[in-house]
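Chains as they are written, first to last, in numbering that gives the first Met the number 0: chain P, 0 to 412; chain C, 0 to 619.
Glycine residues also receive a C-beta, built at the ideal position from the N, C-alpha and C atoms.
What follows is a short report on a single structure.
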Amino acid sequence: MTRRGLDKPLLAATAGLLVIGLATLYSAGQTDAPSAAAEIWRSQVVWLLLGTGAAILAFRVSPRILEWVTPFVYGFALLLLVLTLIVGTGAGTAAGAKSWLAIGGVRIGQPVELAKVATILFLARHLGARRTAPNTLWELMPACVIVGVPFVLVGLQPDLGSAMVFLGVLFAMLFWVGVPAWLLLLLASPVISLLLAFSTAAWGVWIVALTILLLWMRPYVVEGLVVWLTNVTMGVIALELWRNLAPYQQNRLLSFLNPEIDPRATGWHILQSKIAIGSGGLAGKGFIEGTQKRLAFLPAQHTDFIYSVLGEELGFLGVLVSLSLFAMFLLVLVRIARRATDPFSSMVVFGIVGLFLTHIVVNVGMTVGLMPITGIPLPFFSYGGSFLVTSCVCIGLALRVAWDSRLSGYAEA
Amino acid sequence: MNWHHPHAVTRRGELGRLLVVVVFGFLILAFFRVQVLSSSRYRLQSEENRLRPVRIPAPRGQITDRHGTVLAENVPGYTVALIASSGDSLRATLGRIAGIARLDSAQIARTLARYQRRPFDPVTVLSDAEFEIVSTLEERRAWIPGLVIQSEPKRRYPFGEIAAHVVGYVGEISESELNSDAFRGARAGMIVGQDGLERAYDSLIRGEEGVRFVEVDALGRTVREAGDETRLEAQPGNTVRTTIDIGLQQHVAEAFPLGRRGGVAVMDPRTGEMLALYSSPTYDPNGFVGGLDPAIWQVLSQAEDSPLLNRVVQARYPPASPWKLVVASMAMKRGLVGLGSQMPIPCTGGMRYYNRYFRCWRVQGHGVLNLAEAIQHSCDVYFYQLGLRLQLANMLHDVGELGFRDVSGIDLPNEIQPIFPPSTEYYNRRYGPRGWTNAVTLNLAIGQGENAQTLIGMTRFYAMMANPDGTAPEPWFVEPADVRNRRRVGLDPDALGGLREALVAVVARGTAAGARVENLRIAGKTGTAQNPHGPDHGWFIGFAPAEDPQVVVGAIVEFAEHGSAVAPLVTQIITRHLYGARGASPRALDVDLDVPADSAPQPLPILPDPTTRRDPTRPR
Chain P
0 MTRRGLDKPL
10 LAATAGLLVI
20 GLATLYSAGQ
30 TDAPSAAAEI
40 WRSQVVWLLL
50 GTGAAILAFR
60 VSPRILEWVT
70 PFVYGFALLL
80 LVLTLIVGTG
90 AGTAAGAKSW
100 LAIGGVRIGQ
110 PVELAKVATI
120 LFLARHLGAR
130 RTAPNTLWEL
140 MPACVIVGVP
150 FVLVGLQPDL
160 GSAMVFLGVL
170 FAMLFWVGVP
180 AWLLLLLASP
190 VISLLLAFST
200 AAWGVWIVAL
210 TILLLWMRPY
220 VVEGLVVWLT
230 NVTMGVIALE
240 LWRNLAPYQQ
250 NRLLSFLNPE
260 IDPRATGWHI
270 LQSKIAIGSG
280 GLAGKGFIEG
290 TQKRLAFLPA
300 QHTDFIYSVL
310 GEELGFLGVL
320 VSLSLFAMFL
330 LVLVRIARRA
340 TDPFSSMVVF
350 GIVGLFLTHI
360 VVNVGMTVGL
370 MPITGIPLPF
380 FSYGGSFLVT
390 SCVCIGLALR
400 VAWDSRLSGY
410 AEA
Chain C
0 MNWHHPHAVT
10 RRGELGRLLV
20 VVVFGFLILA
30 FFRVQVLSSS
40 RYRLQSEENR
50 LRPVRIPAPR
60 GQITDRHGTV
70 LAENVPGYTV
80 ALIASSGDSL
90 RATLGRIAGI
100 ARLDSAQIAR
110 TLARYQRRPF
120 DPVTVLSDAE
130 FEIVSTLEER
140 RAWIPGLVIQ
150 SEPKRRYPFG
160 EIAAHVVGYV
170 GEISESELNS
180 DAFRGARAGM
190 IVGQDGLERA
200 YDSLIRGEEG
210 VRFVEVDALG
220 RTVREAGDET
230 RLEAQPGNTV
240 RTTIDIGLQQ
250 HVAEAFPLGR
260 RGGVAVMDPR
270 TGEMLALYSS
280 PTYDPNGFVG
290 GLDPAIWQVL
300 SQAEDSPLLN
310 RVVQARYPPA
320 SPWKLVVASM
330 AMKRGLVGLG
340 SQMPIPCTGG
350 MRYYNRYFRC
360 WRVQGHGVLN
370 LAEAIQHSCD
380 VYFYQLGLRL
390 QLANMLHDVG
400 ELGFRDVSGI
410 DLPNEIQPIF
420 PPSTEYYNRR
430 YGPRGWTNAV
440 TLNLAIGQGE
450 NAQTLIGMTR
460 FYAMMANPDG
470 TAPEPWFVEP
480 ADVRNRRRVG
490 LDPDALGGLR
500 EALVAVVARG
510 TAAGARVENL
520 RIAGKTGTAQ
530 NPHGPDHGWF
540 IGFAPAEDPQ
550 VVVGAIVEFA
560 EHGSAVAPLV
570 TQIITRHLYG
580 ARGASPRALD
590 VDLDVPADSA
600 PQPLPILPDP
610 TTRRDPTRPR
């Protein structure tokens, strides 16, 4: 195996992100009042070594074998998710959610991370086997079921933040297989209705637009009716549902999105994160020097809010560099997906794009108040073994696809 | 067209790239807005205007007795705290308010020390301020930077010293307690239970404190309250209902001989419910509320009679004659004797064992007795021989099975373990392999020697005697979530019944005959533990009614001379419990008695190591 076949831009972007991520994680542990978090960067390095091994393993597996073994991996992942619901344990501040599997009291991992990869693989197998893109809602059903089962299982933990990632993966892969945009919009319409229902005017506009869209695109009559009625129902019940909740229940629903964060303190966390990032300014307060971080004003600063640490200490320039690296990383993955030699590989890599894109946008957006608070980690930055290993496996898979396409001479250079 | 056709894929690839670029461009724009355009505003908030969290203490849950009478509650109180930017400014402010708040230099020094430990939290100056002081300070708020006055629920114990040892008291958490498992989730400066049920059920009673945020400027002056969306309300703690009967507890406290030291435990033998627990001398837990006056603590902790000590669970006494029933039950379980068995040597006021003479408490002797009569008259000579028949090794083994080396498991903190040698190795180590003889068996047989038990442990054993099946649960004040393990004496119902009859005879005709009550069959056992420091300690443990025991009462009175004097106290408590406050309460007969004075070697120290308790006035 020659090293010439390895995709150097992907390796470079990953390495760059890992270096910045580890440095930020180290800094996040350096607080005025010493805490256990000061040493976690060491265990992150151990996880990284483990992840590198897993990546090499993933790289060595032929996509053909992978395609064959996919149903078993998917089944195993679902089994673990069900098991987690039954015997799962909480962890740290998120003791309320059952998201960990433990053997003999030792927490060994979060099955949701395996489920993410398994779902990408299985969806790629299903869509890759099709000759043409699904053209009706009915044809989209199998794909929705493949994603829906782990989505519901994870949502029951309850960890709605992680469940959302599955939706990101689903839409990315449907887009890549060429599902028309209007069909994707119809698929997403009930959720849009639910969200827009809080402003009657916005919802009215949406329903009119949806009606026009349905008349224009002319799906099957039954499908069209189902979509339209679902939207109307969502719009009607959403507000009633919300109003019937006591304030503490509303808060609990908000915290449902992220069990890691104290359900009573969401406003405080966003404020502190924005103060940290904003006070960083153009050049930042200097590595390790962030005052918000040092005084432990930031919540979960080594996991969910780690990007606020970077924003405070390295400033807008640091944000620019790291976000550009993330963008470059994703663009390289898109290129690999485009040049893949077979449909399955192509779908897998684009599923990985969807996975990382959702994680990055939701996490980074949360720290500046663009997104609601959810507990999903930032790739290569947030402390957490399961997700780091998963990310490494994804990169191993992508490297293999790139390698195959170069050897086949299909791609230039 | 096939979806994987190169043209189609290339087109969507371009679209995908565009999407990524747009999304990241949007993110970067958002950061640009926050970090560059609004940077000065956030920088101000971060560097000059600091939000300081001010804790909202949670009201502790109530503690009630079994009928719902409140034993511990909250009344409104005020704390005065300061937010300071540096030690010097705090010192200046303290100096300014010292006159109003009546602070002495020691209090100022303690406040400064507290500030050094947690400089970002408001530092408490007065934890239980009078309204007058609070209003004066409030008037001069402009003149006192960083002043935070907060209404804070204050603990009050309506029954004061009557139930002090059961309910306990509260105080500020110490550094070592912060790191202990018992106070998981507690924060420095928090008020937590320090003793009694307040401590044992602290996690239940404590509640969850809230927080509000106060914006302060660089000089520590309060700028304004932060918005309501950042405020977290405190969640009050749970009410804890105990099994205490406060009426009975009051009766026990009144009936206990004034000025004497000792303890009383009243327990329902069937369920393990503790109906009353009293230790004398006692103290007023209300004196601990709102920070302890060092002078009071000095007096309480160093007093010769240790009022803070719970003599029911934290003191060990030689079990003396009540122990004879333990020896009898062990011997009967092994089938060595029956209730009618007699011993070869009749009691002539003592017996010779090798070259030593072991006396019976009754100089005239008891003559020939069987086991039941020996219990009734507490004959030492009989039990010397029973101990020899049982043998030391068997005794050491069976005692462990009955739980006399373990704590009783009562839900009060800091219960001490009884002392009983684990094996003959103990004697080899202490006296050398040839330095001791079988004579230790004789001492152990009558409850003296290397044996020191807690009152609660002995009371639990008599609960086993009282229950028809010969078992007893762990004693408790607050209903446990899981089923507690029951100890088993392991005798058949006939043997138990016989022993019970012998105990009834103790009260009816034997050493406690002076405590007889008309129409009520009380079973019990007196005891006298020799004390080298002065008059002996008196024991009495009894239960009633003998045919269907509903209550078991253990009592010990230090320097009471002998157990017979304690017996009337116990029978009074039993009648009070069975017949109620206004029920028929036949007075105990006042009869002169033979005084048992069991021979005994050196007793073990009664008081535990004083270092086990902490001094809250020491800097932490």
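In chain C, which residues lie with their C-beta within 9 Å of the C-beta of residue i?
i               : result
S345 of chain P : H3 and V8
R405 of chain P : The contacting residues do not exist; R405 of chain P stays about 16 Å from chain C at best.
L322 of chain P : F23, L26, I27 and F30
Check each candidate in the options and name the one with the smallest Cα separation from residue i.
i               : options                           : result
V35 of chain C  : P:S278, P:S404, P:W205 and P:S407 : P:S278
P110 of chain P : P:L238, P:W137 and P:V81          : P:V81
L247 of chain C : C:M266, C:R240, C:R259 and C:Q234 : C:M266
F476 of chain C : C:E517, C:Q297 and C:D244         : C:D244
Y282 of chain C : C:R54, C:N309 and C:P256          : C:N309
R399 of chain P : P:G353, P:R338 and P:S381         : P:R338
W175 of chain P : P:W46, P:A76 and P:V348           : P:V348
D379 of chain C : C:H396, C:A512 and C:R361         : C:R361
D303 of chain P : P:L313, P:F325, P:I335 and P:G160 : P:G160
P417 of chain C : C:G434, C:R459, C:Y383 and C:R388 : C:R459
H532 of chain C : C:G12, C:E557, C:L81 and C:A511   : C:E557
G177 of chain P : P:F386, P:L166, P:S198 and P:T135 : P:T135
A314 of chain C : C:M342, C:T570, C:G334 and C:Y277 : C:Y277
E165 of chain C : C:L196, C:A511, C:E546 and C:F382 : Per the sequence shown, the amino acid found at residue 165 of chain C is Val instead of Glu. Closest option to V165 of chain C, Cα to Cα, is C:L196.
A397 of chain P : P:F170, P:A54, P:P376 and P:L297  : P:A54
I172 of chain C : C:I161, C:G159 and C:A187         : C:A187
I82 of chain C  : C:V74, C:Q234 and C:R51           : C:R51
M621 of chain C : C:G76, C:Q384, C:P548 and C:H536  : Lying before the first or after the last residue shown, residue 621 of chain C is absent from chain C, which here runs from 0 to 619.
V569 of chain C : C:D535, C:A302 and C:A512         : C:A512
In terms of residues, what are the limits of the beta strand (DSSP E) holding residue i?
i               : result
R315 of chain C : Segment: none, R315 of chain C is in no beta strand (DSSP E) and carries neither H nor E.
T78 of chain C  : V69 to L81
N122 of chain C : Sequence inspection shows Val at residue 122 of chain C; the Asn mentioned does not correspond to that position. Segment V122 to A128, the beta strand (DSSP E) holding V122 of chain C.
R351 of chain C : G349 to Y352
K524 of chain C : A522 to A528
G261 of chain C : G261 to M266
If I'm right that residue i touches residue j with Cβ under 8 Å, what's the distance once you round it to whole angstroms?
i               : j               : result
S422 of chain C : G456 of chain C : Their Cβ separation, rounded to whole angstroms, is 20 Å, which puts S422 of chain C and G456 of chain C out of contact at 8 Å.
W538 of chain C : A522 of chain C : Incorrect: roughly 15 Å between the Cβ atoms, too far for contact.
L193 of chain P : M233 of chain P : 5 Å
M327 of chain P : A22 of chain P  : Rounded, the Cβ-Cβ distance is 19 Å, inconsistent with contact.
V33 of chain C  : I19 of chain P  : Going by Cβ atoms, the distance from V33 of chain C to I19 of chain P rounds to 20 Å, so no, they are not a contact pair.
T118 of chain P : I145 of chain P : 7 Å
T525 of chain C : V505 of chain C : 7 Å
Could you list which residues in chain P have their beta carbon closer than 7 Å to that of residue i, in chain order?
i               : result
A112 of chain C : None at all; the shortest Cβ gap to chain P is about 17 Å.
Starting from residue i, trace the alpha helix (DSSP H) both ways and give me its first and last residue.
i               : result
G160 of chain P : L159 to W175
P70 of chain P  : P62 to V86
A564 of chain C : Note, A564 of chain C: premise wrong, no alpha helix (DSSP H); not H, not E.
M189 of chain C : No alpha helix (DSSP H) holds M189 of chain C; DSSP gives it neither H nor E.
E151 of chain C : Looking at the DSSP string, E151 of chain C is not in any alpha helix (DSSP H); the run it does join, the beta strand (DSSP E), is L146 to R155.
G234 of chain P : V220 to R242
A401 of chain P : G384 to L406
So which residues on chain C does residue i lean against when the C-beta distance must stay under 7 Å?
i               : result
F315 of chain P : F30, F31, Q34 and V35
F355 of chain P : Near F355 of chain P there are no residues of chain C at all, since even the closest Cβ is about 10 Å away, more than 7 Å.
R450 of chain P : The shown model of chain P, from 0 to 412, leaves out residue 450 of chain P, and the question about it has no answer.
Who are the neighbours of residue i on chain C, taking C-beta pairs under 8 Å?
i               : result
G280 of chain P : Q34, V35, S38 and R42
P378 of chain P : Within 8 Å Cβ-Cβ: nothing; P378 of chain P doesn't reach chain C, min ~14 Å.
I109 of chain P : Looking at the sequence provided, one finds Gln at residue 109 of chain P rather than Ile. Under the 8 Å cutoff, chain C gives no residues; its nearest Cβ is about 24 Å from Q109 of chain P.
Show which residues of chain P have a CB atom less than 8 Å away from the CB atom of residue i.
i              : result
G12 of chain C : V333, R334, A336 and R337
Check: Which residue spans inside the segment 373-420 of chain C form an unbroken alpha helix (DSSP H) run of at least 4?
Finding: 379-389 and 391-400
Item checked: Segments assigned beta strand (DSSP E), at least 3 residues, entirely inside the segment 34-66 of chain C -> 49-55
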